[in-house]
Amino acid sequence: MRMNREGRLSDGTYCEMKGAGPPLILLHGVGLNRTMWRAQVAALAGLFTVVTYDLLGHGRSRHIGPEIRLDDFVDQLTRVMDQLQIARAHVVGFSFGGLVAQSFALRHPDRLDKLVLMSTVYNRTQEELAGVSGRLAKAREEGPRSIIPAAIERWFSPAFVAGQPEVIGEIERGLRSNDPTSFLTAYSIFCTAEAELAGKLTAVAAPTLAITGELDTGSTPAMVERMVGDIENARGKIIEGGRHMMPMEMMDEVNAALLTFLTDGSD
Numbered sequence: 476m477r478m479n480r481e482g483r484l485s486d487g488t489y490c491e492m493k494g495a496g497p498p499l500i501l502l503h504g505v506g507l508n509r510t511m512w513r514a515q516v517a518a519l520a521g522l523f524t525v526v527t528y529d530l531l532g533h534g535r536s537r538h539i540g541p542e543i544r545l546d547d548f549v550d551q552l553t554r555v556m557d558q559l560q561i562a563r564a565h566v567v568g569f570s571f572g573g574l575v576a577q578s579f580a581l582r583h584p585d586r587l588d589k590l591v592l593m594s595t596v597y598n599r600t601q602e603e604l605a606g607v608s609g610r611l612a613k614a615r616e617e618g619p620r621s622i623i624p625a626a627i628e629r630w631f632s633p634a635f636v637a638g639q640p641e642v643i644g645e646i647e648r649g650l651r652s653n654d655p656t657s658f659l660t661a662y663s664i665f666c667t668a669e670a671e672l673a674g675k676l677t678a679v680a681a682p683t684l685a686i687t688g689e690l691d692t693g694s695t696p697a698m699v700e701r702m703v704g705d706i707e708n709a710r711g712k713i714i715e716g717g718r719h720m721m722p723m724e725m726m727d728e729v730n731a732a733l734l735t736f737l738t739d740g741s742d
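Each step along the sequence shown adds one to the number in the working numbering, with nothing skipped, and position 77 is 552.
Pasting the structure below:
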């Protein structure tokens with residue numbers, strides 16, 4: 476039976492559920508919200524019950540403070556599953572959502588079917604860590620809005636920025652609307668989760684797809700190689716010409732990769 480449901484769960488999480496079939500949960504990136512997945516929901520809801528929700532401190536979910544840790548985001552995911560009566564699910568994590576997905580895979584392997592780590596980070600080099608730490612420092616000193624222009628440049632191609640002003644405007648408005656403390660808390664976790672996850676993905680047993688864009692400077696093809704090297708049952712995919720926000724800019728390629736992997740296990 477096809478299901479369409481939207482609203483706030485008892486813990487304050489704002490959630491949407493659409494479609495019919497095996498549960499599929501999509502986790503967005505830092506500073507974003509569940510709406511970044513519109514194209515994927517439209518493409519996948521015919522085969523899956525697709526769940527999107529606003530992570531802690533994002534979108535219409537509750538604000539958070541500096542006491543929050545990565546484990547709290549994993550706990551939020553398990554609460555969402557419990558309240559929606561989902562025992563097991565496919566999980567797709569984008570960027571920061573990919574860190575949540577990695578930790579979930581380690582903590583709750585019995586609740587995970589297939590895992591997709593999209594445009595996310597793993598075992599970053601010191602140079603890569605310095606870059607993201609520099610952005611965090613700027614956001615703390617000058618305010619989170621100060622890093623929006625550079626984010627748009629990293630996330631999208633110049634052609635997309637020029638040709639899709641409505642999409643870029645929506646992203647910029649969403650970033651500007653973030654609660655500053657919540658954003659800085661999540662971004663700090665994004666910068667420091669290395670210590671919790673680096674080298675630990677060898678314990679992940681779920682079939683895994685690690686995917687990123689050829690031109691993604693923050694979630695690089697080299698990171699995909701590291702993930703595939705550590706996860707026994709993993710395969711990697713690099714989208715030619717892709718930057719960071721592939722679910723929005725390269726939706727056809729992303730949707731095809733997800734459908735193929737989630738339905739028959741190949742890439």
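The beta carbon of each residue, even a glycine, is placed where N, CA and C say it ideally should be.
- A Cβ-Cβ contact shorter than 8 Å links L502 with G572.
- With at least 16 other beta carbons inside 10 angstroms of its own, A576 counts as buried.
- Looking at L484, V729 and K589, the one whose alpha-carbon comes closest to that of A680 is K589.
- Judged by DSSP secondary structure, E491 falls outside any alpha helix (DSSP H) and instead within the beta strand (DSSP E) spanning Y489 to G494.
- Pairing D550 with A605, the inter-Cα distance amounts to about 29 Å.
- Counting C-beta pairs with one atom in each stretch, the segment 688–695 and the segment 583–597 have three or more that are closer than 8 Å, which means they touch.
- For the options G494, G487 and D486, the alpha carbon positioned closest to that of R480 is the one of G494.
- Fully contained in the segment 533–567 is no beta strand (DSSP E) run of length 3 or more.
- A check of alpha carbon separations from L522 across Q601, A564, G532 and P497 identifies P497 as the nearest.
- By the Cβ neighbour-count rule, R701 is buried, with 16 or more other Cβ atoms within 10 Å of its own.
- Taking 8 Å as the cut-off, the beta carbon of M511 is found closer than this to the beta carbon of P722.
- Cβ neighbours of S663 within its own chain (closer than 8 Å, five residues either side excluded): P541 and L611.
- In the displayed model, Y662 falls within a helix according to three-state DSSP.
- About 6 Å separates the Cβ atoms of E647 and I623, confirming a contact at the 8 Å cut-off.
- Under DSSP, R710 forms a beta bridge with L684.
- The C-alpha of L733 lies about 24 Å from the C-alpha of D557.
- The three-state reading of DSSP puts F736 in helix, counting H, G and I together.
- Considering only A731, I713, L676 and K712, the residue with the shortest C-alpha distance to L574 is L676.
- For M593, the uninterrupted beta strand (DSSP E) segment begins and ends at L587 to M593.
- One thing to note: G532 has its Cβ no nearer than 8 Å to the Cβ of S652.
- It is roughly 11 Å from the alpha-carbon of V607 to the alpha-carbon of A626.
- At the C-beta level, V699 and G711 come within 8 Å of one another.
- Secondary structure at T527: strand, using DSSP grouped into helix, strand and coil.
- Our two residues, R615 and P584, have alpha carbons roughly 36 Å apart in a direct line.
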